[in-house]
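A.B. asks: Line by line, the protein sequences give chains A and B. Just so we're aligned, residue 9 is where the first sequence starts under the numbering used here, counting upward by one. Just so we're aligned, residue 217 is where the second sequence starts under the numbering used here, counting upward by one. No residue lacks a Cβ here, since even glycine has one placed at the ideal position from N, Cα and C. Given the structure is predicted, the values throughout are model-derived calculations rather than measurements.
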Amino acid sequence: ELKVEQNPLFLSMQEGKNYTIYCNYSTTSDRLYWYRQDPGKSLESLFVLLSNGAVKQEGRLMASLDTKARLSTLHITAAVHDLSATYFCAVDYTGNQFYFGTGTSLTVIP
Amino acid sequence: DTEVTQTPKHLVMGMTNKKSLKCEQHMGHRAMYWYKQKAKKPPELMFVYSYEKLSINESVPSRFSPECPNSSLLNLHLHALQPEDSALYLCASSQRGIAGGEQYFGPGTRLTVT
Chain A
9 ELKVEQNPLF LSMQEGKNYT IYCNYSTTSD RLYWYRQDPG KSLESLFVLL
59 SNGAVKQEGR LMASLDTKAR LSTLHITAAV HDLSATYFCA VDYTGNQFYF
109 GTGTSLTVIP
Chain B
217 DTEVTQTPKH LVMGMTNKKS LKCEQHMGHR AMYWYKQKAK KPPELMFVYS
267 YEKLSINESV PSRFSPECPN SSLLNLHLHA LQPEDSALYL CASSQRGIAG
317 GEQYFGPGTR LTVT
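Okay, here's the thing in structure tokens:
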């Protein structure tokens with residue numbers, strides 16, 4: 009059975025702090041995506057990671073992919089309140105079928 | 217245009233009603249998807265259309281009936297739904313068969329079944 013697990017499920021962090029969200033998946037894939045979802049809203053694409061060792065950065069967020077370890081990380085640097093949202097990773101095993109992670113609900117506290 | 221549109225934004229329907237959700241994209245994508253998302257859960261894949269043909273049906277009850285009239289449109293016909301079908305229904309599209317097939321999501325339809 010294909011599994012995509014994220015941890016932590018819930019994260020409360022202070023503004024200005026750094027933290028990392030982890031995404032582990034059970035079957036080999038070299039295509040991984042990160043999405044952000046605000047409450048009651050749709051999914052917004054953050055990063056597309058397409059090869060082992062891929063690293064992408066946008067503002068205070070940086071994502072990486074290690075296909076050998078079947079692990080992706082989403083690193084948050086100097087968190088601000090605007091980053092409060094739920095973050096999902098999604099793994100593409102078959103070419104167009106995404107398997108979403110469990111999600112990480114992030115709250116940034118002033 | 218990198219937008220996926222969905223109508224209606226909100227829908228309230230009784231268990232005996234028939235209604236339809238509509239999704240449209242003009243990015244030339246040949247794969248389109250329906251997802252169901254319950255509160256605080258990840259999206260669950262329902263259907264995948266590839267080149268206007270149904271390629272994946274994730275064991276969805278027959279009260280949900282998808283339709284892809286052309287490469288830009290995707291419908292989801294609803295009939296005799298149950299209260300537990302209340303959820304956010306998301307449509308997405310992507311390039312078919314291309315590595316890096318990022319999925320673009322529409323804003324969703326918030327469905328309430330009474």
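1. Could one say the Cβ of Glu268 (chain B) lies closer than 8 Å to chain A's Cβ atoms, at least one of them?
2. Could you pull the start and end residues of the beta strand (DSSP E) that Thr36 (chain A) belongs to?
3. When burial is assigned at 16 or more other CB atoms within 10 Å of the CB, is Thr112 (chain A) buried or exposed?
4. May I ask which residues mark the beginning and end of the beta strand (DSSP E) holding His295 (chain B)?
5. When you compare the CB of Leu51 (chain A) with every CB in chain B, is at least one pair closer than 8 Å?
6. Residues of the stretch 16–49 of chain A in Cβ contact with chain B at a cutoff of 9 Å, in chain order, please.
7. Could you check the C-alpha separation between Tyr27 (chain A) and Arg279 (chain B) for me, to the nearest Å?
8. Please classify His245 (chain B) as buried or exposed, where buried requires at least 16 neighbouring CB atoms within 10 angstroms.
9. Classify Gly317 (chain B): buried if its beta carbon has 16 or more other beta carbons within 10 angstroms, exposed otherwise.
10. Keeping to the same chain, check which residues put their C-beta closer than 6 Å to that of Tyr249 (chain B); ignore five residues upstream and five downstream.
11. Using the beta-carbon of each residue, which ones in chain A are nearer than 9 Å to Pro323 (chain B)?
12. Can you list the residues of chain B that Gln105 (chain A) reaches, using a CB-CB cut of under 8 Å?
C.D. replies: Walking through what the data contain:
1. What you label residue 268 (chain B) is simply residue 52 of the second sequence in a count that begins at 1. No - not a single Cβ of chain A is within 8 Å of the one on Glu268 (chain B).
2. For the purposes of this step, residue 36 (chain A) is taken as residue 28 along the first sequence, with counting starting at 1. Unbroken run through Thr36 (chain A): none, as it is neither H nor E.
3. Locating residue 112 (chain A) in the first sequence gives position 104, where the first residue counts as 1. With 16 or more other Cβ atoms within 10 Å, it is buried.
4. Mapped onto the second sequence, residue 295 (chain B) falls at position 79. Start and end: Leu289 to His295.
5. Sequence index remark: in the first sequence, residue 51 (chain A) carries index 43 (1-based). Yes - at least one Cβ of chain B is within 8 Å of the one on Leu51 (chain A).
6. Those residues of the stretch 16–49 of chain A placed with their C-beta closer than 9 Å to a C-beta in chain B are Asp38, Arg39, Tyr41, Tyr43, Gln45, Gly48 and Lys49, ordered along the chain.
7. Mapped onto the first sequence, residue 27 (chain A) falls at position 19. Mapped onto the second sequence, residue 279 (chain B) falls at position 63. Inter-residue distance for Tyr27 (chain A) and Arg279 (chain B) is about 43 Å (C-alpha atoms, whole angstroms).
8. Against the second sequence, residue 245 (chain B) aligns to sequence position 29. Within a 10 Å sphere around the beta-carbon of His245 (chain B) sit 16 or more other beta-carbons, which makes this residue buried.
9. In the second sequence, residue 317 (chain B) corresponds to position 101, counting from 1. With 16 or more neighbouring CB atoms inside 10 Å of its own CB, Gly317 (chain B) falls in the buried class.
10. The residue labelled residue 249 (chain B) in the question sits at position 33 within the second sequence. The answer, listed in chain order, is Val264 and Ala308.
11. The sequence position of residue 323 (chain B) within the second sequence is 107, counting from 1. Result: Lys49 and Ser50.
12. In the first sequence, residue 105 (chain A) corresponds to position 97, counting from 1. Among the residues of chain B, those whose CB is under 8 Å from the CB of Gln105 (chain A) are Leu261, Val264 and Ile272, following chain order.
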